[in-house]
Structure formats: structure tokens, C-alpha cells
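To keep things clear, I will list the structure first and then write my remarks on it.
Residue numbers (my numbering): 548 to 659.
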């Protein structure tokens with residue numbers, strides 16, 4: 548078997564090992580309308596995972612990566628400036644095809 552044929556076989560087989568795909572998912576998260584926020588700090592105090600940042604008399608912001616959309620902040624807000632929104636997140640998913648990988652490597656090694 549010549550080297551070019553082996554190289555072509557290895558390239559094809561190894562390209563199938565890691566196939567990267569992207570998915571778009573919807574995630575629910577709290578959103579603070581900052582123009583209406585009075586900085587009362589009630590939402591930040593009640594958030595069980597501390598996903599809301601800000602101090603008293605300063606506009607607060609939700610760290611959407613950590614928010615679980617539990618709705619506790621909505622109930623605590625006296626000016627009703629917090630809403631739950633669905634945001635789109637792109638996730639890279641890697642599919643690994645490792646079936647018979649050692650057999651392939653052994654085959655390639657023995658034919659070099």
C-alpha cells in the first residue's frame with residue numbers, strides 16, 4: 548500500500564472522529580429594565596445564586612449566564628422593572644466517533 552493512500556485513509560477516518568456541530572438553544576433569564584430600576588437592592592438580596600449585581604441606589608444588572616429564571620427577583624421588585632426573557636445561545640457540540648479507534652490506529656501503524 549503506498550503512503551499517499553494511507554494518508555488519505557487516515558485523514559478521512561480522523562476527520563470523522565471529531566465532528567463539531569452548533570446548536571441554538573433558548574434560555575430563560577431575568578432582565579432588568581435599567582431605566583426603571585431604582586437600585587433598592589431587593590432583587591440582589593433575594594437571588595439564591597447571586598446572579599444580580601449592583602449596590603444600593605445604583606442600577607442593577609443580571610448576569611444571564613448564571614440566572615436560573617426562578618422568578619424570585621420579579622416578586623421582590625417594587626417598581627416592576629424585571630422580566631423573564633428567552634434569549635438565544637449558540638452552543639458548540641462536539642460529537643466524538645471513537646468506535647474502533649484502536650483498530651484503525653493499529654492498522655495505520657502496521658502499514659506505514
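Cβ atoms here follow ideal geometry from the backbone N, Cα and C, with glycine treated the same way.
None of the values given here were measured: they were computed from a predicted structure.
At the level of alpha carbons, what is the spacing between residue i and residue j?
{"i": "residue 597", "j": "residue 578", "result": "14 angstroms"}
{"i": "residue 555", "j": "residue 572", "result": "Caution applies to residue 555, whose pLDDT of 49 falls short of 50 and renders its modelled position unreliable; the value that the coordinates give is listed next. Whole-angstrom Cα-Cα distance: 36 angstroms."}
{"i": "residue 629", "j": "residue 602", "result": "16 angstroms"}
{"i": "residue 619", "j": "residue 568", "result": "35 angstroms"}
{"i": "residue 592", "j": "residue 636", "result": "27 angstroms"}
{"i": "residue 616", "j": "residue 608", "result": "14 angstroms"}
{"i": "residue 624", "j": "residue 614", "result": "16 angstroms"}
{"i": "residue 581", "j": "residue 638", "result": "28 angstroms"}
{"i": "residue 590", "j": "residue 632", "result": "16 angstroms"}
{"i": "residue 565", "j": "residue 605", "result": "Residue placement at residue 565 is poorly supported in this model, since its pLDDT is 49, which falls under 50; the coordinates are not used for a value here."}
{"i": "residue 585", "j": "residue 626", "result": "8 angstroms"}
{"i": "residue 587", "j": "residue 570", "result": "38 angstroms"}
{"i": "residue 583", "j": "residue 595", "result": "23 angstroms"}
{"i": "residue 612", "j": "residue 574", "result": "9 angstroms"}
{"i": "residue 600", "j": "residue 610", "result": "7 angstroms"}
For the putative contact between residue i and residue j, defined by C-beta atoms under 8 angstroms, what is the C-beta separation to the nearest angstrom?
{"i": "residue 621", "j": "residue 576", "result": "Incorrect: roughly 12 angstroms between the Cβ atoms, too far for contact."}
State the beta-bridge partners of residue i as determined by DSSP.
{"i": "residue 639", "result": "569"}
{"i": "residue 631", "result": "577"}
{"i": "residue 600", "result": "608"}
Is residue i close to the ligand MN? I mean its beta-carbon at under 7 angstroms from any heavy atom of the ligand.
{"i": "residue 575", "result": "Absent from the structure shown: the ligand MN. Ligands present: none."}
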